[in-house]
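Counted from 1, the sequence shown has number 66 at position 72 by this note's numbering; the numbering is strictly sequential.
First the structure, in the form of structure tokens, and then the observations on it.
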Amino acid sequence: MIELTRRWRVLAAGAAVGVAGVVGFTGQTASAEPLLPAPSVPGPVTVTQTVTVAPGVSPAAAPVAPAVPAAP
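Here's what the structure looks like:
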């Protein structure tokens, strides 16, 4: 009778260790995996530039400097 109990105890302990090992290895998440998702990185800021233009008016041209200096 004692031999039978010992065998059942060894079998039950082995099954418990096996189940604990399987659950421990398969249910574990990676340690480098973050718990919460990281916040999104903000993109570059867009700048809107408003230009007021009157209809029918051409832009003023900058004076062009002469390429050759004038003779004295």
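We treat Cβ as the ideally placed atom computed from N, Cα and C, and that holds for glycine.
These figures come from a predicted structure and were not determined experimentally.
Rounded to the nearest whole angstrom, the C-alpha separation of THR40 and PRO49 is 27 angstroms.
In the three-state reduction of the DSSP assignment, LEU30 falls in the coil class. Under the three-state reduction of DSSP output, THR40 falls in the coil class, being neither helix nor strand.
Spanning the alpha carbons of GLY37 and GLY18 requires a straight line of approximately 41 angstroms. DSSP places GLY21 in the coil class of the three-state scheme, outside both helix and strand.
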